[in-house]
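Okay, structure first, notes after.
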Amino acid sequence: MQTKYRIHHASAFDTSPLAAGSVDLVVTSPPYPMVAMWDLVFAEQDPQIGDLLEGGDGEGACARMHGLLEHAWDECDRVLKPGGMVCVNIGDATRSLRDDFRLYSNHTRVLNAFQARGYAVLPDILWRKPTNAPNKFLGSGMLPVGAYVTYEHEYILVLRKGPRRLFDSPEARRRRRQSAFFWEERNVWFSDVWLDIRGTPQHLPGQAERQRSAAFPLELAHRLICMFSVQGDHILDPFAGTGTTLVAALAAGRSATGIERDGSLAAVCRRALEAAPQWARSHTQARLERHAQFLAEREQAGRRVRYANTCYGFGVTTRQEVDLWLPLPKQGQWTADGDYEAEYELPGTGPATGAVS
Ligand SMILES: C[S@@+](CC[C@H](N)C(=O)[O-])C[C@H]1O[C@@H](n2cnc3c(N)ncnc32)[C@H](O)[C@@H]1O
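Read in order, the letters of the sequence shown are residues 43 to 399 in this note's numbering.
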């Protein structure tokens, strides 16, 4: 198996290098409208946004920011295959403009945008970030009625383009079975509140123009890719930032394209890709070890699993996990075209295989 990664220094509003119907899954996190760190980025792309913010018209500014994002959602729609999935990580914004405090519900607007394009809205995930300031309060403190709820969560919206994807050839069905996840992972991943993923360090190294990356955690992207695509698929992140989605795709045995407007992040993204095989191998090893632990605990409780996995030989809980295989990348390389390519160990030959008996 071979996968390929390409980063375009371009705008998400123009994905013309990508062919229509060439993407299986979009995983992304756009700049969040009405969150102050993105004001300038939005205003550069639509100068009226700056004027509206300056004039204290938050609702007007928010509407125009989402108007810009709509161009990106149009492009996602163009490049997605029928049955393809979209996962958008977005937070709502709480903000005071001219002493007028309110919530700007970004997730509602993004949902509406996809619904207007005919997408099926599927159950979303609340990503609850562990906080260092649980007693932080906004508004009138201990006095009613002007105190405000502290927001500590973000959304992961899950959408589907049209009817469910079909796996209608023997090869497509084989790839799907190989891409299965463990039963015990399913129980955590498909919960509607994710409590176990911490935020990621935001500091950007020297040469990037921004101070903060706004990156989402690798584990978050990796989980979504495993949940909503199969090995060999093509993933797109139209707001690629530091390249987290591309790294996660490499670890999951999927190809990926990233689009990022800020050229100063290209070097960060390249370094992240070069480090990806190493991260992928230790991440895979950790998954296999967790499964071994799960089996040991079950055994101790006197509950044996009924099936054996064909690649690793260990026990699994359900028939659907019998052909499960976790891709194990070898060192990747840059091609003359500027793509990063990765090759993988053959199922059953990687060193991690021996780690779990
Ligand atoms: C929330 S960050 C995404 C971070 C990314 N998920 C990561 O892990 O690094 C949003 C990104 O969108 C980029 N951006 C803003 N407007 C854009 C546009 N029109 N086209 C492409 N990228 C854009 C910003 O520069 C920023 O890097």
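By construction, the Cβ of each residue, glycine as well, lies at the ideal position given by its N, Cα and C atoms. No experiment lies behind these values; they were computed from the predicted model shown.
Near ligand 1: residue i beta-carbon under 6 Å from a heavy atom
i	result
D15	With the chain running from 43 to 399 in the structure shown, residue 15 is simply not present.
S147	no
P59	no
P89	no
F31	No answer is possible for residue 31: it lies beyond the span of the chain, which begins at 43 and ends at 399.
E54	Correcting the residue identity first, residue 54 is Ala in this sequence and not Glu. Yes, the beta carbon of A54 sits closer than 6 Å to at least one heavy atom of ligand 1.
G283	yes
T150	no
V414	Nothing in the structure corresponds to residue 414, since the chain is present only between 43 and 399.
P73	yes
V310	no
V128	no
T286	yes
Neighbour-count burial assignment, residue i, 16 or more Cβ in a 10 Å radius
i	result
L185	exposed
Y74	buried
W376	exposed
F232	exposed
S71	buried
Y190	exposed
S297	buried
Y47	buried
A290	buried
G100	buried
S211	exposed
E196	buried
Presumed contact (8 Å Cβ cut-off) between residue i and residue j, rounded CB distance
i	j	result
A114	F55	6 Å
T284	A257	5 Å
V130	R170	So it is not a contact: roughly 17 Å between Cβ atoms.
L208	I239	At roughly 31 Å, the Cβ-Cβ gap does not stay under 8 Å, so L208 and I239 are not in contact.
R151	M76	Not really, about 10 Å apart at Cβ, beyond 8 Å.
>> Which complete beta strand (DSSP E) runs does the region 154 to 197 hold, if anything under 3 residues is left out?
In response: Segments of the beta strand (DSSP E) lying fully in the region 154 to 197: 162 to 170.
> Can you list the beta strand (DSSP E) stretches of 3 or more residues lying completely in the region 230 to 300, in chain order?
Replying inline: Whole beta strand (DSSP E) segments, 3+ residues: 276 to 279.
> For the region 92 to 164, which segments carrying the alpha helix (DSSP H) assignment without a break, of at least 4 residues, lie completely within its bounds, in sequence order?
Replying inline: Every alpha helix (DSSP H) of 4 residues or more that sits fully in the region 92 to 164 is shown, in chain order, as 100 to 121 and 148 to 158.
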